[in-house]
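Colleague: A single structure is presented below for examination.
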Amino acid sequence: MKVMLLVMDEQRVILDRLYDIVQQNCDECFIYRLSKQQQMNLGVFLASVDYQTFDRVVIFSRVKRLAPQLRVLKCIPGLVFLEHDAYQNYMPASKYRGVYSRLYSRLPSCRALVSGAVVARKMLAEGIDTVFVSKGYDEQMLHNTGVERDIPIGFLGSLKSTEYAERKAMLESLSQRTGMLVTRTKSGVEYLETLNRIKIFVSADIGMNEFMIKNFEAMACGCVLLAWSQGEEDRLLGFEDMHNTVFYRSADEAVAKIKMLQDDPELAQRIASNGQAFAESRYSFARVGQALAEAIQREMRPWQPPSAFTRFWVKLRYGMKVPA
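Under our numbering, the first residue of the sequence shown is numbered 163, with each subsequent residue one higher.
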């Protein structure tokens, strides 16, 4: 099977290894790294390549860039969306609430690869061809280096997005009550080194009903993961409270569990070790990339060609060759 993988070239999270694993597990896979401008004008790019000769065209971009390009997307056979933010489709306060469902429903032949098990189930119930493939971490970049952990409690990441308002409030509250470090680092070596200095990594993915990539990265680096419970998602992904993860549902519970972990270093070390083994065995990019490749190549619904008007429009505007 011949696969075209279109990805973002400006992401903060480094996903090159994930793309490489997908490529290794496909018969033929060609990776194209698109600029923001190219992502917003897919018709121009697709007119420059023989996209219609590919069995799958996989797009990893932001929904706000894709939704306005419905006519172009309708002209792509074997269209697959790789999506790590589809949880926003069901967040009450998100500006993207319902946007994913509307886009995918208007493309009945497409497939959505989403990183939340509950999100996948909801989309399947809406009639969308959806496959759950979890987020993961780059095992070649991130690992337990065994250095001294001189940061008792910490969080590394952004608090700027409106979707992170509840995260920001929780982390600021916990920082005031526990002295937790809240900061950002550069991707790569600085991120690896800082994660390995943290004993308890606090995750606050509140209202998302999905685990962000930092959870897997922190576990793989040997931190005790103190994570906001995502309800049913916890069990579906294999997280176990007080075994490989420590869950909390309020600031008071987080503070109490931090004290418990600090008062019992052996318990904390046991949970950290279990969490590291859990992440390594199930959520490395080597495993996640293989699962993605399988989901991409799985048989899809029959393609529904676009209307004659849509074919004429994209050919006139972009010079795209559209299969009948």
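Every residue gets a Cβ at the ideal spot worked out from N, C-alpha and C, and that includes glycine. Just so it is clear, the structure is predicted and the values come from calculations on it, not from any experiment.
Kindly provide the ranges of any alpha helix (DSSP H) runs that are 4 or more residues long and lie completely inside the region 223-268, ordered along the chain.
Modeller: DSSP runs (the alpha helix (DSSP H)) wholly in the region 223-268: 225-228, 232-235, 261-267.
Colleague: May I ask you to report which of helix, strand or coil DSSP gives ASP171?
Modeller: Counting from 1 along the sequence shown, the entry for residue 171 is found at position 9. Three-state DSSP puts ASP171 in coil, outside helix and strand.
Colleague: Could you check what DSSP says for GLU415 in three-state terms: helix, strand or coil?
Modeller: The residue you call residue 415 lines up with position 253 of the sequence shown. GLU415 falls in the helix class under three-state DSSP.
Colleague: Between which two residues does the alpha helix (DSSP H) carrying ARG479 extend?
Modeller: In the sequence shown, counting from the first residue as 1, residue 479 sits at position 317. Unbroken alpha helix (DSSP H) run through ARG479: 470-480.
Colleague: Which first and last residues belong to the beta strand (DSSP E) in which SER365 is found?
Modeller: Position 203 of the sequence shown, counted from the start, is the residue given in the question as residue 365. Secondary structure note for SER365: its beta strand (DSSP E) is the uninterrupted segment 360-365.
Colleague: Please tell me whether PRO468 and CYS272 are closer than 8 Å, where the distance is taken between their beta carbons.
Modeller: Residue mapping note: residue 468 aligns to position 306 of the sequence shown, counting from 1. Residue mapping note: residue 272 aligns to position 110 of the sequence shown, counting from 1. Not closer than 8 Å, so no.
Colleague: Is it true that the CB of VAL364 sits closer than 8 Å to the CB of LEU321?
Modeller: The sequence position of residue 321 within the sequence shown is 159, counting from 1. The sequence position of residue 364 within the sequence shown is 202, counting from 1. For LEU321 and VAL364, no; Cβs fall outside 8 Å.
Colleague: Using 8 Å as the threshold, is the C-beta distance between ARG359 and ARG311 below it?
Modeller: Mapped onto the sequence shown, residue 359 falls at position 197. Mapped onto the sequence shown, residue 311 falls at position 149. Cβ atoms of ARG359 and ARG311: closer than 8 Å.
Colleague: In the DSSP assignment, the beta strand (DSSP E) including VAL206 goes from what residue to what residue?
Modeller: Looking up residue 206 in the sequence shown gives position 44. Not the beta strand (DSSP E): VAL206 falls in the alpha helix (DSSP H), residues 204-208.
Colleague: Can you tell me the Cβ-Cβ gap for VAL450 and LEU196, rounded? I've got them flagged as a contact below 8 Å.
Modeller: Along the sequence shown, read from residue 1 onward, the residue named residue 450 stands at position 288. Along the sequence shown, read from residue 1 onward, the residue named residue 196 stands at position 34. That pair is no contact at about 22 Å.
Colleague: Runs of 4 residues minimum, wholly inside the region 366-436: which ones carry the alpha helix (DSSP H) assignment?
Modeller: 375-382, 394-399, 413-425
Colleague: Considering only their Cβ atoms, is the gap separating TYR445 from GLY298 smaller than 8 Å?
Modeller: The residue given as residue 298 occupies position 136 in the sequence shown. The residue given as residue 445 occupies position 283 in the sequence shown. In this structure, GLY298 places its C-beta atom within 8 Å of the C-beta atom of TYR445.
Colleague: Going by the CB atoms, is the gap between VAL219 and LEU265 shorter than 8 Å?
Modeller: Taking the sequence shown and counting its residues from 1, the one referred to as residue 265 is at position 103. Taking the sequence shown and counting its residues from 1, the one referred to as residue 219 is at position 57. Contact: no.
Colleague: Pop quiz: VAL281 and TYR249 are said to be a contact at Cβ under 8 Å. What is the actual Cβ separation, rounded to whole angstroms?
Modeller: Indexing the sequence shown from 1 puts residue 281 at position 119. Indexing the sequence shown from 1 puts residue 249 at position 87. VAL281 to TYR249, Cβ: 6 Å. Contact.
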